[in-house]
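2 protein chains.
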Amino acid sequence: MAGSLAEVARRAGVSVATASRALNGSRHPVSDEIRERIALAAAEVGYAPSAIAQALVTRKSRIIGVIVGDIVDPYFAEITRGAEDVARRAGYLTIVCNTDRAPATELAYLRLLHDYRAEGVIFAGGGQVAAGAGSASAAQPSEGAQLSEAVESVRADGIRVVSLAARSFDSMRVTVDDRAASYDITSYVCSLGHRRVCYVTGPPGLSTSAARLAGFQAAMADAGLSADEVHPGEFDFLSGQQVALRLVGRPLPDAVICANDESAIGVLTTLRQAGVDIPGEVSVAGLDDTRVSRFVDLTTVSVPMYERGAIAARHILDAGPSAAGDLVLPHRLVPRGTTARRRSSGSKRQRRETPLTAATEAR
Amino acid sequence: MAGSLAEVARRAGVSVATASRALNGSRHPVSDEIRERIALAAAEVGYAPSAIAQALVTRKSRIIGVIVGDIVDPYFAEITRGAEDVARRAGYLTIVCNTDRAPATELAYLRLLHDYRAEGVIFAGGGQVAAGAGSASAAQPSEGAQLSEAVESVRADGIRVVSLAARSFDSMRVTVDDRAASYDITSYVCSLGHRRVCYVTGPPGLSTSAARLAGFQAAMADAGLSADEVHPGEFDFLSGQQVALRLVGRPLPDAVICANDESAIGVLTTLRQAGVDIPGEVSVAGLDDTRVSRFVDLTTVSVPMYERGAIAARHILDAGPSAAGDLVLPHRLVPRGTTARRRSSGSKRQRRETPLTAATEAR
DNA sequence: TTGTACGCGTTATCAT
DNA sequence: ATGATAACGCGTACAA
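Sequence lines, in order, name chains A and L. Everything in the first sequence is counted per this note's numbering, starting at 1 for the first residue and increasing by one. Everything in the second sequence is counted per this note's numbering, starting at 1001 for the first residue and increasing by one.
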């Protein structure tokens, strides 16, 4: 076992108090000779301070939690990396909590983080938007209500919680204007001359999905175009792929805009695999600007994930009452190679007829 | 503040002992009436058991750490997800530790996890292979030696450490045969009739890089081909892109094999952007089989990341002396659309001349 | 400058 | 079935 402070003190012939003062950065004066003796003894027994005990007495756990949908999703991975970068530099530990967006799992993790007295928790993703009224009974509060209550309880204990997207509970926010971001990308696509543009949504009931869809609809309306070709999606590659497969049998649209990059990439690669020329025949755009999007040269809009994660972590560490109000970071349109000006229908080249075996490899 | 056990006990008019027994899953008998009183009091004060205090007395922190290069890298993300999935189900917390493969950072994190008395730590990535001899002095032990020592110290404290790739220190291993995996993909590409095949390596000095390169070279030798077109890479998209850019000015090779999927995707998309037909003119293959690879239909070989993470975590949780020897999981060749039989040189279609502005957007 | 002693919130042992 | 009480490992007033 790693020697305890008591053991180090004994070997150095001093009290645990002095040993403690010498071993950690205490401003308390300690004679150089003793200090050296203690350092030596500590090295001998392989002393490793118990962060657990320290946390118990100090009431500072040096732990922060990041609640994400799925760490494999680049969107969440980049947020987590931002948070971890600042946490690490401060000697803090970062806990990843995958919830697959299940409110029950979010709740369970929030409570667990509460138990560990995490100093802060970051809700990386958006939340469920209130379902139809009357769904909550007094006996069995809705999941949303339970979560709100838990968040309140956690905050009452001094744990800082910050959300990176719209949530139903009260907390500090470091967000981005999803609606505006979606509005901008849509306007951009329309400005390219496209008139028939489809949309692939995010998961139903998710605040982020709703905001992005609203942005799309508003932009289409402002452009005097019809926004009725809306396909349900799930923010993942598969959704995009399925929509693309459905699209390909009929007359192609001018453009497809997706609620996020992953689904956009699904549309993009599937359409191309079917022999469709992108952006020649169809323009494709996403939203997020993950690393992968650069790989495939996808037109998208940046909604700084890394920065939001980093800022959130910073807010948690800066114990100061810098309860600075909410932050909404600017987004940025990133035009790339999957969008282009509309070509007159006649000039579209003939599509090669590939037998479409949906190459959906099960995971 | 979250009420303490003492407070709950006081309000319920019982001792902390009974309160403790009633609130957590103790097999100790407690009368139903008292049990109810305690539950009520606990709810009133919003009791949240201090996992910190529990860990201190129980000597079980219910924490596991995963040391990765970069959580945004799908390779590491999938491993982490595997570990977190089993950890969560057991009520454990998973800590992500990004090191960017810097030994110093690995060391720092290992010590921190030691301080927190993590029950186990998973080294997800490969390690530096011993540098030239004589680099370590007695006064300043090499980083490798320091790490080995730290690992030993950690293990002496009962912390289970398992590595998912070749490392210089002693620990349990849940790996894959990187050399064989690389050998197999190379053989496959050669079997397609390709003769001039280039290779893009991983970071120099990394055990994984070395094993994969060795596999490539062995397979080429066995195929009676020359393996001298080896380009240095870093396991990332940029490396692949740069190699592709260099390749494109001269007569194209028959195929390019990359040490991992990320760099393969760099080669793939850059080559295509330059107007090269893949797999018509050049075949491209990677190694890992990350999610993204399915997106771009990349030929690769699966070296189960998720499973390795999950198995490693399981080993840590199963306190049993199932010190079962090392595990090496099978890999699996995954032929997809970026490779094809070699076409006679003459039939390669003319490449369109795109002005190559290296669209390398700085991150 | 150094030492003593208490408390942090739990679990577990031993009485009752 | 329930209650005192001693650890667990450490920080820190307070005393010396």
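C-beta: ideal position from N, C-alpha, C; glycine also.
Any residues in the segment 80–93 of chain A with a beta carbon nearer than 8 Å to a beta carbon of chain L? Which ones, in chain order?
Within the segment 80–93 of chain A, the residues whose Cβ lies closer than 8 Å to some Cβ of chain L are T80, R81, E84, D85, R88, G91, L93, listed in chain order.
In terms of residue numbering, what span does the alpha helix (DSSP H) encompassing S376 (chain A) cover?
Chain A is shown only over 1 to 363; residue 376 (chain A) falls outside these bounds and no answer can be derived.
Let me see if you follow: with CB-CB separation under 8 Å, is F1169 (chain L) close to chain A or not?
It does not; no Cβ of chain A falls within 8 Å.
Buried or exposed: which applies to V28 (chain A), given that a residue is buried once 16 or more other Cβ atoms fall within 10 Å of its Cβ?
Note that residue 28 (chain A) corresponds to His in the displayed sequence, not to Val. Label assigned to H28 (chain A): exposed.
Suppose you measure from the CA of M172 (chain A) to the CA of P1253 (chain L); what does that come to, to the nearest Å?
Each residue's Cα considered, the two are about 55 Å apart.
Is there a C-beta anywhere in chain A that falls below 8 Å from the one on Q1146 (chain L)?
So, not an interface residue.
Determine, using beta carbons only, whether L1292 (chain L) comes closer than 8 Å to chain A.
According to the sequence displayed, residue 1292 (chain L) carries Val and not Leu. Yes, V1292 (chain L) lies at the interface with chain A (some Cβ there is under 8 Å from its Cβ).
Thinking C-beta only, is A285 (chain A) closer than 8 Å to I257 (chain A)?
Yes, these two residues count as a Cβ contact at 8 Å.
For D297 (chain A), which residues in the same chain have their Cβ closer than 6 Å to its Cβ, ignoring the five residues on either side in sequence?
Correct list, in chain order: R336, G337.
With a threshold of 6 Å on Cβ separation, who are the neighbours of A1166 (chain L) within its own chain once the five nearest residues in sequence on each side are excluded?
Closer than 6 Å at Cβ, skipping near neighbours: G1126, S1207.
With 8 Å set as the bound, which would you pick, yes or no: does the beta-carbon of S50 (chain A) sit closer than that to a beta-carbon of chain L?
For S50 (chain A), the answer is yes, since a Cβ of chain L falls inside 8 Å of its Cβ.
For a quick check, are the C-beta atoms of D1157 (chain L) and A51 (chain A) less than 8 Å apart?
In this structure, A51 (chain A) does not lie closer than 8 Å to D1157 (chain L) by Cβ.
Which one of A:G91, A:T300, A:R160, A:D289 has the shortest CA to CA distance from P74 (chain A)?
P74 (chain A) has its Cα closest to that of A:D289, out of A:G91, A:T300, A:R160, A:D289.
Please confirm whether S168 (chain A) and G202 (chain A) have their CB atoms less than 8 Å apart.
Taking 8 Å as the Cβ cut-off, S168 (chain A) and G202 (chain A) do not qualify as a contacting pair.
To the nearest whole angstrom, what separates the beta carbons of V1072 (chain L) and I1122 (chain L), a pair I think is in contact under 8 Å?
In fact, because the Cβ distance is near 18 Å, the residues do not count as touching under 8 Å.
From the DSSP output, read off the bridge partner residues of L327 (chain A).
L327 (chain A) pairs with A:V174.
Name the DSSP beta bridge partners of S1163 (chain L), please?
In DSSP, S1163 (chain L) forms a bridge with L:F1123, L:R1173.
List the residues that DSSP assigns as beta-bridge partners of C198 (chain A).
C198 (chain A) pairs with A:V256.
Go ahead and pull the three-state DSSP assignment for G206 (chain A).
Here the sequence assigns Leu to residue 206 (chain A), which means Gly is not the residue at that position. In this structure, L206 (chain A) counts as strand in the three-state DSSP scheme.
Unbroken beta strand (DSSP E) runs of length 3 or more, entirely within the segment 27–92 of chain A: which are they?
As far as the segment 27–92 of chain A is concerned, its whole beta strand (DSSP E) runs of at least 3 residues are 63–68.
Starting from L23 (chain A), follow the alpha helix (DSSP H) in both directions and report where the run begins and ends.
Residues 16–23.
Which residues in chain A have a C-beta closer than 8 Å to the C-beta of T1269 (chain L)? List them in chain order.
Those within 8 Å of T1269 (chain L) in chain A are F295, V296, D297.
How would you label V154 (chain A), buried or exposed, when you count the other beta carbons within 10 angstroms and need 16 or more for buried?
Counting Cβ neighbours within 10 Å, V154 (chain A) comes out buried, since at least 16 surround it.
Let me see if you follow: with CB-CB separation under 8 Å, is P103 (chain A) close to chain L or not?
No, P103 (chain A) lies away from the interface with chain L (no Cβ there is under 8 Å from its Cβ).
I need the boundaries of the beta strand (DSSP E) containing L333 (chain A), first residue and last residue.
From DSSP, the beta strand (DSSP E) with L333 (chain A) extends over 332–334.
Any Cβ of chain L within less than 8 Å of the Cβ of S61 (chain A)?
Yes, because at least one Cβ of chain L sits closer than 8 Å to the Cβ of S61 (chain A).
Ends of the alpha helix (DSSP H) at T1269 (chain L)?
T1269 (chain L) -> alpha helix (DSSP H) spans 1261–1273.
Would you grab the beta carbon distance between A1002 (chain L) and Y1047 (chain L) for me? Rounded to a whole angstrom, and I think it's under 8 Å.
Right, the Cβ-Cβ distance comes to about 6 Å (below 8 Å), so this counts as a contact.
I want to verify the contact list: residues of chain A whose CB lies under 9 Å from the CB of Q1273 (chain L), in sequence order.
Going along chain A in sequence order, the residues near Q1273 (chain L) (Cβ under 9 Å) are D297, G337.
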